[in-house]
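To start, the structure under review is shown below, and the notes come after it.
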């Protein structure tokens, strides 16, 4: 599941998908960021490449880079 956090779209741990605003969200790249309110523009932030790589590994595909 992807969420806008800290200026990028990060893949988060599924257990964190319902945390309250301000609560920490764990990402697949290994960082933790507080959940922020999201609007339309945040979803256009760049994708975290490390999260992308980890998400690809999780589903068994090679990253396309």
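Residue numbers (my numbering): 233 to 297. Here a beta-carbon is modelled for each residue, glycine too, at the ideal position from N, C-alpha and C.
In the DSSP assignment, find the unbroken beta strand (DSSP E) run with residue i in it and report its ends.
i, result
"residue 234", "234 to 237"
"residue 279", "Neither: residue 279 is in no beta strand (DSSP E) and is coded neither H nor E."
"residue 241", "240 to 243"
"residue 256", "256 to 258"
"residue 264", "264 to 266"
Please go through the same chain and pick out, in chain order, the residues whose beta-carbon is closer than 7 angstroms to the beta-carbon of residue i, but skip the five residues on each side of it.
i, result
"residue 282", "261"
Under a CB-based cut-off of 8 angstroms, is residue i close to chain C?
i, result
"residue 258", "Of the protein chains in the structure, only one exists, and it is not chain C."
Among the residues of its own chain, which have a CB less than 6 angstroms from the CB of residue i, if the five just before and after it don't count?
i, result
"residue 243", "234, 260, 283, 287"
"residue 238", "265"
I believe residue i touches residue j by the beta-carbon criterion, under 8 angstroms. Please report the beta-carbon distance rounded to the nearest angstrom.
i, j, result
"residue 257", "residue 241", "Between residue 241 and residue 257 the Cβ distance is about 12 angstroms, and since that is not below 8 angstroms, they are no contact."
For residue i, I'd like the list of residues in its chain whose CB is within less than 8 angstroms of its CB, leaving aside the five on either flank, ordered along the chain.
i, result
"residue 271", "none"
Exercise. Please determine if the segment 273 to 280 and the segment 244 to 251 are in contact, where contact requires at least 3 C-beta pairs separated by less than 8 angstroms.
Key: no
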